[in-house]
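Colleague: To start, I am sharing the structure in question, which I have written as structure tokens.
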Amino acid sequence: MTTAASLVLNREKIKNILFDIVALAFIYFVPTISHYLSVPLYLIEPMRLMLVLAMVHTNKRNAYIIAFTLPVFSLLMSGHPVAIKAAIMTMELVFNVWLFYTLSKKWQNTFAVMLVSILLSKIAYYILKFGLISFAVFNTELISTPIYLQLITSVVFSAYLFFLFKRKATKS
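Start counting at 1 in the sequence shown, then tack on 1174, and there's your number in our numbering.
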């Protein structure tokens, strides 16, 4: 019995490690892919995309690992985002994970859980960013990605989760 349990744990760990490698590689190559495709992929929020995929396809612990590491990894590999923005992005993504798992214990609607967790984490991000800009700690524009695109990606990510879990429920 112990051997079977350790095999399952090992499979899950391997799956998480592979996911993390793919997520880091994707974030690493986003600038290059954007350049070759002449499409600004940052507009689809690649870090949040990887985070949502981590929350859906791995586990809570791994989602937190992704939330903590992607902005820092991107900063170290490409110099973007700048350190202050990487810090507030990290806080936003970690808050997103916390909200998602907290709300999912209380609500049954996975679409609403994901959408609200994304939107509330974005609001927190913009409050932090506004504060840093107001105190002249951070010299940038408040909104760099148009709000309508952020809303579209939030709805798409939430719909993905909703339809994925709906499909899993109908298969059971």
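Think of the CB as a built atom: it goes at the ideal place given N, C-alpha and C, for glycine as much as any other residue.
Please read all numbers here as calculations on a predicted model, not as lab measurements.
Jot down the residue ranges of each uninterrupted beta strand (DSSP E) in the segment 1194–1275, minimum 3 residues, whole runs only, in chain order.
Modeller: Qualifying beta strand (DSSP E) stretches: none in this window.
Colleague: Please work out which residues of its chain come closer than 6 Å, Cβ to Cβ, to Ser1248, disregarding the five sequence neighbours upstream and downstream, and give them in chain order.
Modeller: Within the same chain, Ser1248 has close Cβ partners Ile1201.
Colleague: Among Lys1280, Pro1214, Ile1326 and Lys1259, which has the Cα closest to the Cα of Val1311?
Modeller: Taking only the C-alpha atoms, the option nearest Val1311 is Lys1259.
Colleague: Just to confirm my understanding: we take Ala1197, look at its own chain, exclude 5 residues before and 5 after, and list those with CB closer than 8 Å. What are they?
Modeller: Here the set comprises Met1224, Leu1227, Ala1228, Ile1240 and Leu1244.
Colleague: Find out if the Cβ-Cβ distance for the pair Phe1331, Leu1316 is shorter than 7 Å.
Modeller: No, the Cβ-Cβ distance between Phe1331 and Leu1316 is not below 7 Å.
Colleague: Exposed or buried, which one is Thr1206 when buried takes at least 16 other CB atoms within 10 Å?
Modeller: Exposed.
Colleague: In three-state DSSP terms, what is Ile1307?
Modeller: DSSP places Ile1307 in helix when its eight states are reduced to three.
Colleague: Where does Leu1289 sit, in a helix, a strand or coil, going by DSSP?
Modeller: In this structure, Leu1289 counts as helix in the three-state DSSP scheme.
Colleague: If Ser1328 sits next to Ile1292, beta carbons under 8 Å apart, how far is it from one beta carbon to the other, in whole angstroms?
Modeller: 5 Å between Cβ atoms; contact.
Colleague: Taking the straight line between their C-alpha atoms, what separation do you get for Gly1253 and Tyr1275?
Modeller: Roughly 31 Å separates the two Cα atoms.
Colleague: With 16 other CB atoms within 10 Å as the buried threshold, where does Thr1232 fall?
Modeller: By the 10 Å Cβ count, Thr1232 comes out buried.
Colleague: In terms of alpha-carbon separation, which member of Met1221, Leu1294 and Phe1337 lies closest to Ala1199?
Modeller: The candidate whose alpha carbon is nearest that of Ala1199 is Met1221.
Colleague: Relative to the alpha-carbon of Asp1194, which residue among Phe1242, Glu1219 and Ile1218 has its alpha-carbon at the smallest distance?
Modeller: Cα-wise, what sits closest to Asp1194 is Phe1242.
Colleague: Ordered along the chain, which non-local residues of its own chain (more than five positions away) have a Cβ less than 6 Å from that of Lys1189?
Modeller: So the list is empty, once near-sequence residues are dropped.
Colleague: Assuming Val1268 contacts Tyr1238 under a Cβ cut-off of 8 Å, what Cβ separation, rounded to an integer in Å, is found between them?
Modeller: Correct: roughly 7 Å between the Cβ atoms.
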